[in-house]
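**Student:**
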Amino acid sequence: MIYDATDLSLPVAVAVAAFLLLGATLALIGAIGFLRLPTFYERIHAPTLGTSWGIGGIMLGSMIFFSVASERLVIHEILIGIFVTITTPVTFMLLARAALHRDRSERNPKVPGKETGEAEV
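My numbering applies: residue 1425 is where the sequence shown begins, and numbers increase by one.
1) Per DSSP, what kind of secondary structure is S1433 in: helix, strand or coil?
2) A1429: buried (16+ other C-beta within 10 angstroms of its C-beta) or exposed?
3) Secondary structure at P1536, three-state DSSP: helix, strand or coil?
4) How long is the line joining the alpha carbons of R1503 and I1479, rounded to whole angstroms?
5) Kindly indicate which three-state DSSP category H1500 falls into: helix, strand or coil?
6) Determine, using beta-carbon pairs with one atom in the stretch 1430 to 1441 and one in the stretch 1496 to 1512, whether at least three such pairs fall under 8 Å.
7) Short check: CB of L1484 to CB of F1443, under 7 Å?
8) Could you compute how far the alpha carbon of R1528 sits from the alpha carbon of L1445?
9) Along the chain, where does the alpha helix (DSSP H) that runs through E1466 open and close?
10) Around the Cβ of V1514, are there at least 16 other Cβ atoms within 10 angstroms (buried) or fewer (exposed)?
11) So which of W1477, Y1465 and F1458 has the shortest CA-CA distance to A1522?
12) Taking the straight line between their C-alpha atoms, what separation do you get for P1471 and L1434?
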């Protein structure tokens, strides 16, 4: 049986609210960084904050709320965190490599050089 959110005790409600606010704040910081950073290569790093740490805070708040509300341990949200943690860096790495290849083939002068020690794409 799932209880209403108004039936939660004060410490549980505070913990859920704190984790949700933390996750939402980190997601907001990632979104603002995505908008404010000037180049694609700098901008690619900002969303990782929102998707990894932001989803962690929201996931913990959700796990606490539904574990207390349903009176059983609810941890299936961990799968969401695992999938996001695995897929986000891989996606951003592929996007960065594709942009790097495109910029190098177009001989863009603002592209990072090969002297930084990165492998040939």
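Note that the Cβ used here is the ideal one computed from N, Cα and C, for glycine as well.
**Tutor:** According to the structure data:
1) Secondary structure at S1433: coil, using DSSP grouped into helix, strand and coil.
2) exposed
3) coil
4) A quick correction: the sequence has Leu, not Arg, at residue 1503. Each residue's Cα considered, the two are about 12 Å apart.
5) In the three-state reduction of the DSSP assignment, H1500 falls in the coil class.
6) no
7) yes
8) 41 Å
9) Boundaries of the alpha helix (DSSP H) around E1466: F1464 to R1467.
10) exposed
11) Y1465
12) 33 Å
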